[in-house]
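Mapping of the sequence shown onto UniProt numbering: residues 1 to 147, in sequence order. C-beta: ideal position from N, C-alpha, C; glycine also.
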Amino acid sequence: MADPTYIDPDREAWEIFKSLPKGERIQMLNLVKLKPLAEYPQGHPDHGRGKTGLEAYRAYGRTTAHIFQRLGGRQVWAGKPQVTVTGPRSEDWDLAFIAEYPNAEAFIAMVRDPEYRDLVAHRTAGTADSRLVRMEPIDEPGEGFGE
């Protein structure tokens, strides 16, 4: 049996997210596994055009950037995963980045924005699996791991 995949939050996780403090700065760790070929739904302008998952995901980033920035969001770190040293080999990722929002309300406003909701089709078309982890930033981490 194949491992489950995750593209969007489930209801329970979304309710937990909304129950956490809303007025504080948050960071969202994104881990993304891309599809070799994007799968747009029938009727979408990019359906059947042969775009790769990476092309679709980049279209998502480009077309939603103005919404992300308008709400005070910024990307604070990005990297290209090379190998999972500790963890399941099935969890290999193509993209990893941390997006920061001035508060949880900004993230909620982004995902509820009608234009964003239309444009997220690019993300859905290109993503095979993903993880999205809300984090509270630590402004002055200690010198040792976990401090």
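Q.
When you compare the stretch 107-122 with the stretch 57-64, are there three or more beta-carbon pairs, one atom per stretch, that lie closer than 8 angstroms?
A. Yes, the stretch 107-122 touches the stretch 57-64.
Q.
Assuming contact is defined by CB atoms lying nearer than 7 angstroms, are Q27 and P102 in contact in what I supplied?
A. no
Q.
Helix, strand or coil for I26? Go by DSSP, reduced to three states.
A. strand
Q: Locate the beta strand (DSSP E) running through A96, then write down its first and last residues.
A: Where A96 is concerned, the enclosing beta strand (DSSP E) stretches over L95 to Y101.
**Q.** Classification of V76 by the beta-carbon crowding that lies within 10 angstroms, buried from 16 upward
**A.** Exposed, because fewer than 16 other Cβ atoms sit within 10 Å of the Cβ of V76.
Q) By how many angstroms is the C-alpha of G53 removed from the C-alpha of P21? A) Looking at the backbone, the Cα of P21 and that of G53 are separated by about 34 angstroms.
**Q.** Rounded straight-line distance, which links the Cα of G72 to that of M135
**A.** 17 angstroms
Q: Write down the C-beta distance between L34 and R131 rounded to the nearest angstrom, noting that I regard them as a contact closer than 8 angstroms.
A: Their Cβ separation, rounded to whole angstroms, is 13 angstroms, which puts L34 and R131 out of contact at 8 angstroms.
Q | Limits of the unbroken alpha helix (DSSP H) element including D118 | A | P114 to L119
Q. Which residue's Cα is closest to the Cα of D113: F68, A99, D94 and V133?
A. D113 has its Cα closest to that of F68, out of F68, A99, D94 and V133.
Q. Do you know whose CA, among E12, I16 and A128, lies nearest E91's CA?
A. A128
Q | Paired residues, beta bridge with L127 - DSSP | A | The residue asked about is misnamed: residue 127 is Thr in this sequence, not Leu. Answer by DSSP bridge pairing, in chain order: L34.
Q. Looking at I98 and L29, is the spacing between their C-beta atoms short of 7 angstroms?
A. yes
Q: Out of F17, E15, P41 and R74, state which residue places its alpha-carbon closest to the alpha-carbon of G126.
A: When only C-alpha atoms are compared, the closest one is P41.
Q. To the nearest angstrom, how far is it from the Cα of H44 to the Cα of A106?
A. 28 angstroms
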